[in-house]
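Report on one structure; see the data block that follows.
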Amino acid sequence: MYREQRVPVVDMHLHQGEWQGVPASTQSLLASRFPFPFNLNPEQTASGVLSAEGIVAELDAAGISHGVLLAVYAPRSVGVATNESMVESVGRAPTRLWGLASLRVDAWEENGAQELARLERALGEPGVVGVKLAHTHMHFRMDDPRYYGIYEIAGAAGKPVYLHSGPSPFPGTNQKPPYTDPAFLEEAIASYPETTFILGHVGYDFINKELGAFETCVSLALAYENVYLEPSALGSAGSDPTDENLPRVMKRIREAGLVDRVIYGSDGPQSPGFLGEYLERTVRAMAAADYTVDEVRAVLSGNFERVFKVEVQAL
1 MYREQRVPVV
11 DMHLHQGEWQ
21 GVPASTQSLL
31 ASRFPFPFNL
41 NPEQTASGVL
51 SAEGIVAELD
61 AAGISHGVLL
71 AVYAPRSVGV
81 ATNESMVESV
91 GRAPTRLWGL
101 ASLRVDAWEE
111 NGAQELARLE
121 RALGEPGVVG
131 VKLAHTHMHF
141 RMDDPRYYGI
151 YEIAGAAGKP
161 VYLHSGPSPF
171 PGTNQKPPYT
181 DPAFLEEAIA
191 SYPETTFILG
201 HVGYDFINKE
211 LGAFETCVSL
221 ALAYENVYLE
231 PSALGSAGSD
241 PTDENLPRVM
251 KRIREAGLVD
261 RVIYGSDGPQ
271 SPGFLGEYLE
281 RTVRAMAAAD
291 YTVDEVRAVL
301 SGNFERVFKV
311 EVQAL
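Going letter by letter, the sequence shown gives residues 1 to 315 in the working numbering.
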């Protein structure tokens with residue numbers, strides 16, 4: 001509810017898969033974030049919330065209409081959650097879930113053509129509405145033209161590309177600017193105007209808990225109509241302990257006239273209750289910036305509906 005009106009919500013950033021697909025170092029980091037008593041058995045907790053049934057239960061508890069599940073291929077950092085597992089999970093709750101496909105890039109010279117073909121096939125699966133990439137996790141530069149075929153395929157299919165931007169706290173990531181700074185995406189953004197680029201986390205620096213490259217994301221969105229912003233995770237209690245950065249981000253977006261370029265996501269499910277908590281923090285940040293009901297509706301579901309060409313139903 002916002003100003004006594006019911007607003008449908010889509011959470012476009014939800015992780016699925018199996019605990020066993022996550023490297024041990026990343027398992028330890030994730031487990032450290034689970035509150036008591038969920039931290040006593042992190043594998044059981046993670047397995048519960050990473051399943052399709054667990055995610056839908058978290059959506060229900062938060063009052064969220066739809067969620068988007070991500071495939072991930074980052075064996076050196078956050079692990080692997082395959083396209084096949086994502087498609088299967090979406091199929092278990094097709095009226096509530098959509099999915100973003102991905103691909104492997106770690107043996108590109110040998111397997112690049114096959115991976116592009118596999119991505120193209122995945123984009124044709126029921127409920128798959130876009131592409132998920134994370135250069136810092138997957139260890140490929142944002143400005144490397146060898147991978148631009150990904151954007152070409154996505155644009156031809158009319159499927160937006162979601163990209164992690166900003167330094168990541170997970171072990172095994174590449175923190176150099178060409179892997180984290182969205183300024184290095186500008187050539188691709190300009191070269192593929194038919195492809196929608198969604199800048200995940202709006203360049204937030206999760207290591208120093210600072211806004212990082214946020215202004216770069218704003219500048220790119222102002223300069224290019226195919227750029228959208230997604231402020232997931234940066235406003236969580238762990239990533240924004242002073243509860244200052246997310247309100248600053250939402251206020252700046254409105255001042256820049258970019259409310260129609262924001263798509264909501266949480267980066268959940270993380271732990272039980274996280275989806276509801278992050279939604280509450282986001283709505284509170286928008287209220288502090290005096291967002292209208294129509295603007296809140298645009299951020300929480302309307303922009304997603306328009307960009308991904310789907311129909312959103314309120315619970």
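Every residue, glycine too, gets a C-beta built ideally from N, C-alpha and C.
Quick check on DSSP: helix, strand or coil for M12? strand
Near K209, which residues of its chain fall below 8 Å by C-beta distance, leaving aside the five closest residues on each side in sequence? S239, D240, P241 and N245
Can you tell me whether Q5 is helix, strand or coil according to DSSP? strand
When the Cα atoms are used, what is the spatial distance from D294 to V310? 19 Å
Which runs of the beta strand (DSSP E), 3 residues or longer, sit entirely within the region 92-137? 97-101 and 128-133
Alpha carbon to alpha carbon, what distance is there between Y291 and R284? Roughly 10 Å between the two C-alpha positions.
Residue from T282, A188, E120 and H139 whose Cα sits closest to the Cα of G130: E120
Nearest-angstrom Cα distance between L185 and M142? Rounded to the nearest angstrom, the gap between the Cα atoms of L185 and M142 is 5 Å.
Nonlocal neighbours in the same chain, by C-beta distance under 8 Å from N111, ignoring five residues either side: R104
From I263 to A107, what does the alpha carbon distance come to, in whole angstroms? Here the C-alpha atom of I263 lies approximately 32 Å from the C-alpha atom of A107.
Within the same chain, show all residues whose beta-carbon is closer than 7 Å to that of T195, passing over the 5 residues directly before and after it, in chain order. Y151, A154, G155, V161 and N226
State buried or exposed for P145, treating a residue as buried only when at least 16 other CB atoms are found within 10 Å of its CB. exposed
Determine the contact status of L69 and S89, defining contact as a CB-CB distance below 8 Å. yes
Reducing DSSP to helix, strand and coil, say where Y151 ends up. Looking at Y151 - three-state DSSP - the assignment turns out to be helix.
Could you name the residues of the same chain whose beta carbon sits closer than 7 Å to that of S168, not counting the 5 residues immediately before and after it, in chain order? T136, H137 and F206
Would you mind sorting M86 into buried or exposed? The rule is 16 or more other CB atoms within 10 Å of its CB. buried
Proximal residues to Q5 (C-beta, below 6 Å), its chain only, five neighbours per side dropped: Counting only Cβ-Cβ distances below 6 Å, and skipping sequence neighbours, we find V293.
Give me the Cβ distance between A223 and L229, rounded to the nearest whole Å; I'm assuming they're in contact under 8 Å. No, A223 and L229 are not in contact; Cβ-Cβ is about 13 Å, not under 8 Å.
Neighbourhood of A288 by C-beta distance below 6 Å, restricted to the same chain and skipping five residues each side: P247
Give the C-beta separation of P269 and E58 to the nearest angstrom, bearing in mind that I take them to be a contact with Cβ-Cβ under 8 Å. 5 Å
Assuming contact is defined by CB atoms lying nearer than 8 Å, are P193 and V49 in contact in what I supplied? no
Verify whether the separation of the beta carbon atoms of A233 and D267 is less than 8 Å. yes
Please classify S191 as buried or exposed, where buried requires at least 16 neighbouring CB atoms within 10 angstroms. exposed
Looking only at its own chain, which residues have a Cβ that is under 6 Å from the Cβ of A93, when we skip the five neighbours before and after it? Excluding residues within five positions, the ones whose Cβ falls inside 6 Å are A52 and V56.
Quick one, are the C-beta atoms of V340 and S65 less than 8 Å apart? With the chain running from 1 to 315 in the structure shown, residue 340 is simply not present.
Can you tell me the Cα-Cα spacing of V218 and G265, whole angstroms? 17 Å
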